[in-house]
């Protein structure tokens, strides 16, 4: 999992097995932040539509913006059209994953230990940042 800023630069990275749902990994990913300041807003896809996650992030002062799932159990809408306009710019965040796919070692995980893989993802992010700032 990765959290990126509005330009597509990495803010937080976290690795785990593929079995847990993305909603349960958001707080763990924010704890692994590369910067001290927490983001004010998080934009996610429909998989992040969870009232429990919204409450947990609101306690930390983070606003979660995700479109509602089609099979949403509760009928009260927590998102209206105004904040979801930012969702249209989500492609800028997806650009980070496109940049990471340029690195063969990150694209295909050859490492047995997740710590080694995460180290190479960090190196790839450093290279991405250096290419953008130099």
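Numbering (the numbering used here), first residue to last: 7 to 140.
Glycine included, every Cβ here is placed at the ideal spot set by N, Cα and C.
Only a predicted model underlies this, so the values are computations on that prediction, with no experimental measurement involved.
In the DSSP assignment, residue 9 falls within the unbroken beta strand (DSSP E) covering 8–10. For residue 69, the pairing in a beta bridge is given by DSSP as 47. Using a 10 angstroms sphere on the CB of residue 105, the tally of other CB atoms reaches 16 or more, which defines it as buried. Taking the CA atoms as reference points, residue 23 sits about 26 Å from residue 78. By alpha-carbon distance to residue 66, the top candidate from 43, 56, 7 and 108 is 43. Ranked by Cα distance from residue 125, the first of 29, 52, 96 and 18 is 18. Beta-bridge partners assigned by DSSP to residue 120: none are found.
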